[in-house]
Amino acid sequence: MAQTVRCGIIGAGGFAEICHIPGLQSHPDAEVVALCGRNADRLKAMTERTGVPDCHTDYRELLARDDIDAIALVTPNVSHHPIAMAALEAGKHVFCEKPLAMNAPEAREMEAAAEQARRVGQVAFTFRFLHGMAELRRRVAQGDIGKPYFARVRFEGGDLRPDSTLAWRHYVEESGGGVLQDMGSHALDMIQFALEPVAELSSLVFRVPRVRNDRRTGEPREATNDDFAAAYWRTDDGLPGEFAVSRITNLRGGNNEIEVFGETGSLRAEVSRGHNDRLLLERPGQGAESLPLPEESSAGTDYALGRMMRSFVDAILGREALGVEASFTDGRRVQEAIDAVERSEAERRWMTVGAP
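Numbering (the numbering used here), first residue to last: 29 to 384.
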C-alpha cells in the first residue's frame, strides 16, 4: 500500500465537514480524494469548500476505485452495515460513525468481516480521545480513589422547542433508535472503556409524542424515536452504576459527564468534543480539585475530532496507537448493550447483555 493513505468520505452531511474531512486532511500522510453523497449540488459545493478533488453520488462507484485505501462512513445508521460490508469486501479500511449498526447481529457481521478482510475497522467514539477520559481511566486503574463502588454517566440536551425540526435521527426506520442509539452508544462505550464491560441492566426508555416539520421535506411528521433512556447496570465484576441520556430534560444546554465514586473520593470527567475537557478529583468533605491535563485540553477547541481521525490513519499505517481507539469489537459490545436496554424496556425486567 502507498505510504499516503487515500481516503473517501461516504456521507456529505455537515458533520463530515466538521470532523472527518478536516481530521483526515490534518494527517501528513493522508489525503481525501473523493466524497460521496446523495445531493449532487450540495456535494459539489462541499468539494469546492474542502478542496477534495472528486465526488460521487453512488457509494459503489467510490468503493470500486483502486486509488482509495480507506473510507469514513458518515451516513444514517440504517446504511452502516451494507456500506461497511461492501467496503470491506472491496478491501477498504473502514471508519464508521457510531453506533456501529442498527442491532447486535449486524454489528457481529461487521466485526467478523473486518477480521476476515484483515482491515482496520474503527468506530467514532470520540470521547475516548479526550485527555480527561484517558486520565480518568488511568487513575481509576491505579487506585487513586480506592476501589470503585459506583459510577454514572449523563448526557443531556434540549429538543422540545416548538420551532425544532426533525431529521433522520428522529425516525426509527433510519436510525434504529433515538437518543439511545445516538448518545446512549457513547455512554455505554464510556462505561466499558473507563471501567469494565456491562454484564446486566434494567432500563427505562420513552418518547415524547410530537409532530414537527421534517428538515428535508418541510412537511409535518411525527417523531418515532426515543427521547430518553436510562439504566441501572452492573459490570462483569459486579460494579454497579447508572446512565441517563436525554434530549428533553435540559432546555438550557448540554450537561455531559462521567463520574466514578470510590472508597477515598470521586473522579469526574466533563465530556465534549474537546472544547470543555476537565477532570475533577473530589475527596469527602473537600472541594473539587481540577487535575492537570495536556495544554490541548484547555485550548477551547474540538481537538478530539482531529485526534480521532489521525489515529485511524496511524492504525492503517501500522504505527503506534494511542491505546484509546474503538474497534469494531468495541462497537459490537456497545450494540449488544443497546439491544439489552431495548429488551429490558420491552420486558420490564433485568436483562443480560449479549443474550439473544
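Just so you know, even glycine gets a beta-carbon here, dropped at the ideal spot from N, CA and C.
In the DSSP assignment, what are the bridge partners of glutamate 287?
Counting from 1 along the sequence shown, the entry for residue 287 is found at position 259. BP columns for glutamate 287 point to Arg180, Arg296.
Taking the alpha carbon of arginine 34 as the point to measure from, which residue in Val80, Arg70, Asp69, Asp265 has its own alpha carbon closest?
As a first step, residue 34 must be located in the sequence shown, where it is residue number 6. The candidate whose alpha carbon is nearest that of arginine 34 is Val80.
Under the DSSP definition of a beta bridge, which residues are partnered with asparagine 241?
By one-based count along the sequence shown, residue 241 stands at place 213. Partner(s): Pro248.
Helix, strand or coil: which one does DSSP assign to tryptophan 196?
Counted from its first residue, the sequence shown places residue 196 at position 168. In the structure shown, tryptophan 196 falls within a helical segment according to DSSP collapsed to helix, strand and coil.
Hey, is the stretch 173–186 in contact with the stretch 209–222, meaning 3+ C-beta pairs nearer than 8 Å?
Three or more Cβ pairs drawn from the stretch 173–186 and the stretch 209–222 lie within less than 8 Å of each other, which places the two stretches in contact.
Among Arg275, Leu158, Glu228, nearest to arginine 262 - alpha-carbon criterion:
Numbered from its first residue, the sequence shown carries residue 262 at position 234. Nearest option by C-alpha distance: Glu228.
Whole angstroms are fine: how far does the CA of tyrosine 331 sit from the CA of arginine 165?
Taking the sequence shown and counting its residues from 1, one reaches residue 165 at position 137. Taking the sequence shown and counting its residues from 1, one reaches residue 331 at position 303. The straight-line gap from Cα to Cα measures roughly 19 Å.
Report, in whole angstroms, the separation of the C-beta atoms of aspartate 255 and arginine 240, which I expect to be a contact under 8 Å.
Working through the sequence shown from its first residue, we reach residue 255 at position 227. Working through the sequence shown from its first residue, we reach residue 240 at position 212. Aspartate 255 to arginine 240, Cβ: 12 Å. No contact.
Quick one: what's methionine 113 bridged to in DSSP?
Reading the sequence shown from its first residue, position 85 is the one you call residue 113. The partner list for methionine 113 (beta bridge, DSSP) is empty, contrary to what the question assumes.
Spatially closest choice to glutamate 163 from Glu375, Pro322, Thr329, Glu364, by CA coordinates
Within the sequence shown, the letter at position 135 stands for residue 163. Selected option, being the one with the closest Cα: Pro322.
Please classify arginine 66 as buried or exposed, where buried requires at least 16 other C-beta atoms within 10 Å of its C-beta.
Reading the sequence shown from its first residue, position 38 is the one you call residue 66. Exposed.
Give me the residue from Asn253, Arg243, Gly334, Gly313 with the minimum Cα distance to glycine 41.
Numbered from its first residue, the sequence shown carries residue 41 at position 13. Ranking Asn253, Arg243, Gly334, Gly313 by Cα distance to glycine 41 puts Arg243 first.
Count the other C-beta atoms from every protein chain shown that fall within 10 angstroms of the C-beta of valine 226, then say buried if there are 16 or more, exposed otherwise.
The residue you call residue 226 lines up with position 198 of the sequence shown. By the neighbour-count criterion, in which a residue is buried when 16 or more other Cβ atoms sit within 10 angstroms of its Cβ, valine 226 is buried.
Beta strand (DSSP E) segment containing proline 268, residue limits:
Here residue 268 refers to the residue found at position 240 of the sequence shown. Under the DSSP assignment, proline 268 falls in the beta strand (DSSP E) whose first and last residues are 268–274.
Element boundaries [beta strand (DSSP E), containing arginine 34]
Here the question's residue 34 lines up with position 6 in the sequence shown. Segment 33–38, the beta strand (DSSP E) holding arginine 34.
How far does the beta strand (DSSP E) with serine 318 in it extend, from its first residue to its last?
As a working note, residue 318 is residue 290 in the sequence shown. Element bounds for serine 318: 316–318.
From the DSSP output, read off the bridge partner residues of histidine 121.
Locating residue 121 in the sequence shown gives position 93, counting from the first residue. Partner residues in the beta bridge of histidine 121, as assigned by DSSP, are Ala98.
Histidine 55 - DSSP class collapsed to helix/strand/coil
One-based indexing of the sequence shown puts residue 55 at position 27. Coil, per DSSP.
Contact belief for alanine 132 with arginine 377 at Cβ below 8 Å, rounded distance in angstroms:
Reading the sequence shown from its first residue, position 104 is the one you call residue 132. Reading the sequence shown from its first residue, position 349 is the one you call residue 377. Contact doesn't hold; Cβ gap of about 19 Å is too wide.
Using a threshold of 9 Å, state whether the C-beta atoms of alanine 195 and valine 233 are closer than that.
The sequence position of residue 195 within the sequence shown is 167, counting from 1. The sequence position of residue 233 within the sequence shown is 205, counting from 1. No, these two residues do not count as a Cβ contact at 9 Å.
If you drop the 5 nearest sequence neighbours on each side, which residues of the same chain put their C-beta closer than 8 Å to that of aspartate 97?
Numbered from its first residue, the sequence shown carries residue 97 at position 69. The beta carbon of aspartate 97 sits closer than 8 Å to those of Met29, Ala30, Val33, Arg34, Cys35, Lys120, His121, Ile344, all from its chain and outside the five residues before and after it, given in chain order.
Our contact map puts leucine 101 next to glutamate 125 with C-beta atoms below 8 Å; I'd like the distance itself, whole angstroms only.
Taking the first residue of the sequence shown as 1, we reach residue 101 at position 73. Taking the first residue of the sequence shown as 1, we reach residue 125 at position 97. Contact flag correct, Cβ pair sits at about 6 Å.
Where does glutamate 228 sit, in a helix, a strand or coil, going by DSSP?
Locating residue 228 in the sequence shown gives position 200, where the first residue counts as 1. If DSSP states are grouped into helix, strand and coil, glutamate 228 belongs with the strands.
Which residues does DSSP list as the beta-bridge partners of valine 415?
The requested residue 415 is not part of the displayed model; the chain covers only 29 to 384.
Could you give the DSSP three-state label for alanine 327: helix, strand or coil?
Here the question's residue 327 lines up with position 299 in the sequence shown. For alanine 327, the secondary structure class from DSSP, reduced to helix, strand or coil, is coil.
Just checking my contact of valine 106 with glutamate 250 at CB under 8 Å: how many whole Å lie between their CB atoms?
Position 78 of the sequence shown holds residue 106. Position 222 of the sequence shown holds residue 250. Cβ-Cβ separation between valine 106 and glutamate 250: approximately 18 Å, too far for a contact (criterion under 8 Å).
Figure out for me which residue from Glu291, Phe221, Gln209, Val273 has the closest Cα to the Cα of asparagine 283.
Here residue 283 refers to the residue found at position 255 of the sequence shown. For asparagine 283, the nearest C-alpha among the options comes from Val273.
Member of Pro248, Val381, Cys83, Leu63 whose CA lies at the smallest distance from the CA of serine 230
As a working note, residue 230 is residue 202 in the sequence shown. It is Val381.
Tell me which residue opens and which closes the beta strand (DSSP E) that valine 151 is part of.
Locating residue 151 in the sequence shown gives position 123, counting from the first residue. Start and end: 149–151.
Check whether the stretch 348–366 touches the stretch 154–161, counting contact only when three or more Cβ pairs, one atom from each stretch, lie closer than 8 Å.
By the Cβ rule, the stretch 348–366 counts as touching the stretch 154–161, because three or more pairs are nearer than 8 Å.
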